[in-house]
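Data first, discussion second: the structure below is written as structure tokens.
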Amino acid sequence: MIRLKLDEYLNNHKITRYELAKRTSISFQIIDRYYKNQLVRYDSDILDRICIALDCDICDLIEYQKSENQK
22 MIRLKLDEYL
32 NNHKITRYEL
42 AKRTSISFQI
52 IDRYYKNQLV
62 RYDSDILDRI
72 CIALDCDICD
82 LIEYQKSENQ
92 K
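Under my numbering, the letters of the sequence shown match residues 22 to 92, in that order.
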């Protein structure tokens, strides 16, 4: 399972979703969906803009967790 860690990153760096929306010119609603990990598909352009705005790598925002069904 792929999980976004945007909430952890923003909290650790004391950046609000509103501030990130301003830095990226992405609507707050979209940032909020990424923050709450409420997505089925990830937009590479949005992830790119977030990484640029936060000066971070994609691995800082996404993690892979094996499902219990996988062996």
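Even glycine gets a Cβ: it sits at the ideal position worked out from N, Cα and C.
Name the residue from the options whose alpha carbon lies nearest to the alpha carbon of residue i.
| i | options | result |
| --- | --- | --- |
| Leu27 | Ser48, Asp66, Ile71 and Phe49 | Ile71 |
| Asp69 | Thr37, Ile47 and Leu60 | Ile47 |
| Asn58 | Cys77, Ile73, Glu89 and Glu84 | Glu84 |
| Tyr56 | Gln86, Glu29 and Asn90 | Glu29 |
Are the beta-carbon atoms of residue i and residue j separated by less than 8 Å?
| i | j | result |
| --- | --- | --- |
| Leu25 | Leu75 | no |
| Leu60 | Ile52 | no |
| Tyr63 | Phe49 | no |
Name the one or two DSSP bridge partners that residue i has.
| i | result |
| --- | --- |
| Ile23 | Tyr85 |
Please check the pair residue i and residue j, which I expect to be a contact at CB under 8 Å, by giving their CB distance rounded to whole angstroms.
| i | j | result |
| --- | --- | --- |
| Ser88 | Met22 | 5 Å |
Next on the checklist: Please give the ranges of any beta strand (DSSP E) in the segment 51–89, keeping only runs that are unbroken, at least 3 residues long and fully inside the region.
Outcome noted: 83–85
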